[in-house]
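First up is the structure itself, then whatever we jot down about it.
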Amino acid sequence: MTTETYTRLQLAESQLRSAMGLFMTGQDRFSVITLAGAADVILARLVLNSGKETFTDSMLERHRVAGGPSERRETYGKAINDTLSINQLKHMDDDEDGYIEIEPEECALAAILKALVNYLKIEDPKASMIKVHALRG
Numbered sequence: 137m138t139t140e141t142y143t144r145l146q147l148a149e150s151q152l153r154s155a156m157g158l159f160m161t162g163q164d165r166f167s168v169i170t171l172a173g174a175a176d177v178i179l180a181r182l183v184l185n186s187g188k189e190t191f192t193d194s195m196l197e198r199h200r201v202a203g204g205p206s207e208r209r210e211t212y213g214k215a216i217n218d219t220l221s222i223n224q225l226k227h228m229d230d231d232e233d234g235y236i237e238i239e240p241e242e243c244a245l246a247a248i249l250k251a252l253v254n255y256l257k258i259e260d261p262k263a264s265m266i267k268v269h270a271l272r273g
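Here it is in structure tokens:
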């Protein structure tokens with residue numbers, strides 16, 4: 137067995153590429169959501185480490201400007217992930233009945249788009265767009 141080293145960005149790109157491929161070929165939407173959600177966790181951390189604003193930060197600022205109540209990034213981010221069913225597909229609480237209500241198509245697309253927003257904030261926008269195009273392949 138050969139051990140290899142990967143950057144976190146490479147891992148996130150691989151997860152996002154897989155999510156996009158599954159989505160574009162009409163495959164399992166639950167896997168799309170889970171893969172895009174996993175990629176987004178890494179990408180959001182990379183964005184924060186670069187000193188930029190994440191997708192969640194941008195949405196939280198819009199929420200505040202619109203007069204919404206003050207919330208912490210973590211709380212607001214969890215609410216977004218709950219809306220997209222990212223958390224429900226990865227975790228099950230003790231008091232749950234084993235069912236979730238979900239719109240798989242919408243959640244899958246939104247999870248990909250959320251991750252893409254963070255992906256595009258990591259590098260030069262022109263280079264990132266070329267990479268996004270390459271992710272499709």
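In my numbering, the protein residues as written are 137 to 273. Virtual Cβ for every residue (Gly too), placed ideally from N, Cα, C. Please read all numbers here as calculations on a predicted model, not as lab measurements.
The C-beta distance from L152 to A175 rounds to 4 angstroms, short enough to meet the 8 angstroms contact threshold. Collapsing the DSSP output to three states places T211 in a helix. Q163 carries a coil assignment under DSSP once its states are collapsed to helix, strand and coil. Between A148 and L171 a beta carbon distance of about 10 angstroms is seen, past the 8 angstroms cut, so the two are scored as non-contacting.
Straight across, the Cα-Cα distance linking T161 with A215 is about 29 angstroms. In the structure shown, H199 falls within a helical segment according to DSSP collapsed to helix, strand and coil. In the structure shown, K188 falls within a coil segment according to DSSP collapsed to helix, strand and coil.
Under the 10 Å beta carbon count, K226 is surrounded by fewer than 16 other beta carbons and is classified as exposed. Comparing alpha carbon positions, the residue from S186, E207, G187 and N185 closest to M195 is E207.
Counting only runs of 4+ residues, the alpha helix (DSSP H) found wholly inside the region 216-242 occupies 222-226, in chain order. Proximity to G213 across D230, V201, T190 and G204 peaks at T190, based on C-alpha coordinates. Note on geometry: alpha-carbon atoms of V201 and G187 lie some 22 angstroms from one another.
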